[in-house]
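Undergrad:
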Amino acid sequence: MLHAFGSTEYLWHQLISDIHLPVDVPHGVLPNALLSDETQQIAIKAIRLDANWRRPSPRIKRTQALLNDMSGMYVDEMQFLSGGNWLLTGQRYRNREGRWYSRLSLWCLEELDNPYVVTGLEMAGVYRSSTLSLTEDDAYATLVLGVCDHEE
Numbered sequence: 394m395l396h397a398f399g400s401t402e403y404l405w406h407q408l409i410s411d412i413h414l415p416v417d418v419p420h421g422v423l424p425n426a427l428l429s430d431e432t433q434q435i436a437i438k439a440i441r442l443d444a445n446w447r448r449p450s451p452r453i454k455r456t457q458a459l460l461n462d463m464s465g466m467y468v469d470e471m472q473f474l475s476g477g478n479w480l481l482t483g484q485r486y487r488n489r490e491g492r493w494y495s496r497l498s499l500w501c502l503e504e505l506d507n508p509y510v511v512t513g514l515e516m517a518g519v520y521r522s523s524t525l526s527l528t529e530d531d532a533y534a535t536l537v538l539g540v541c542d543h544e545e
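Heads up: the sequence shown begins at 394 in our numbering, then just goes up one per residue.
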């Protein structure tokens with residue numbers, strides 16, 4: 394009886410909507426359209442990931458450096474898109490003349506062993522914030538960017 398109850402679609406769909414954790418649902422798919430087996434796997438993965446990060450010493454299986462820049466640049470902001478397959482990074486830096494510049498990069502993370510920059514945008518000014526939205530089919534992107542002409 395308990396096994397039958399734990400296998401119902403209703404239970405897992407409710408759990409995904411109530412746990413308030415980021416769940417790895419395929420892009421463009423509504424969670425309630427998934428079968429109970431898929432929903433159960435996604436929910437368990439999200440709960441395990443959350444439990445791991447709440448540990449005093451989380452278990453990290455591996456790390457992958459995206460930037461190996463030794464010139465002092467660092468990433469000011471990051472935003473995951475489309476189920477974690479895309480990453481938008483924003484950076485600000487000074488050039489040799491002391492002027493501020495900003496760089497936005499869109500990374501493809503489909504192959505975690507080989508992340509690469511799909512496109513980049515560089516402009517004068519200090520990066521403040523950005524957001525990027527993709528259409529459901531990932532065919533078009535809308536970028537909103539905040540830049541100012543001085544540091545503070």
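Beta carbons are placed, not taken as given, at the ideal position from N, Cα and C, and that holds for glycine.
Is the separation between the beta-carbon of R339 and that of C501 shorter than 8 Å?
TA: Residue 339 falls outside the range modelled here, since the chain spans only 394 to 545, and no answer is possible.
Undergrad: Reducing DSSP to helix, strand and coil, say where M394 ends up.
TA: On the sequence shown, position 1 is the one that residue 394 refers to. In this prediction, M394 has a pLDDT of 47, which is less than 50 and means its spatial position is unreliable; what the coordinates show is noted afterwards. DSSP places M394 in coil when its eight states are reduced to three.
Undergrad: Within 10 angstroms of the Cβ of H413, are there 16 or more other Cβ atoms? Answer buried if so, exposed if not.
TA: Counted from its first residue, the sequence shown places residue 413 at position 20. Looking at its Cβ environment, which holds fewer than 16 other Cβ atoms inside 10 Å, H413 is exposed.
Undergrad: Exposed or buried, V511, counting other C-beta atoms within 10 Å across all chains shown (16 or more means buried)?
TA: Here residue 511 refers to the residue found at position 118 of the sequence shown. Exposed is the call here.
Undergrad: Which residues in the same chain have their Cβ closer than 7 Å to the Cβ of E503, if we skip the five residues on either side of it in sequence?
TA: Looking up residue 503 in the sequence shown gives position 110. Hits under 7 Å: N478.
Undergrad: Which word fits L395, buried or exposed, when buried means at least 16 other C-beta atoms lie within 10 angstroms of its C-beta?
TA: Position 2 of the sequence shown holds residue 395. Low per-residue confidence applies at L395: pLDDT is 47, beneath 50, and the placement is therefore not dependable, though the value from the model is reported in the following sentence. It counts as exposed.
Undergrad: Kindly list the residues whose CB is nearer than 7 Å to the CB of Q433, restricted to its own chain and excluding five residues on each side of it in sequence; keep chain order.
TA: For the purposes of this step, residue 433 is taken as the residue at position 40 of the sequence shown. Here the set comprises W405.
Undergrad: Looking at L497 and L481, is the spacing between their C-beta atoms short of 8 Å?
TA: Position 88 of the sequence shown holds residue 481. Position 104 of the sequence shown holds residue 497. The answer is yes: Cβ separation under 8 Å.
Undergrad: Measure the C-alpha to C-alpha separation of L408 and D531 and round it to an integer number of angstroms.
TA: Sequence index remark: in the sequence shown, residue 408 carries index 15 (1-based). Sequence index remark: in the sequence shown, residue 531 carries index 138 (1-based). The alpha-carbon atoms of L408 and D531 are separated by roughly 28 Å.
Undergrad: Nearest-angstrom Cα distance between R448 and P415?
TA: Along the sequence shown, one-based indexing puts residue 448 at 55. Along the sequence shown, one-based indexing puts residue 415 at 22. The alpha-carbon atoms of R448 and P415 are separated by roughly 18 Å.
Undergrad: With distance defined between alpha-carbon atoms, name the residue in Y403, V422, S410, D417 nearest to T528.
TA: In the sequence shown, residue 528 corresponds to position 135, counting from 1. Nearest C-alpha to T528: V422.
Undergrad: The alpha helix (DSSP H) that contains Q484, what's its start and end?
TA: Taking the first residue of the sequence shown as position 1, residue 484 is located at position 91. Per DSSP, Q484 belongs to no alpha helix (DSSP H); it is in the beta strand (DSSP E), 479-487.
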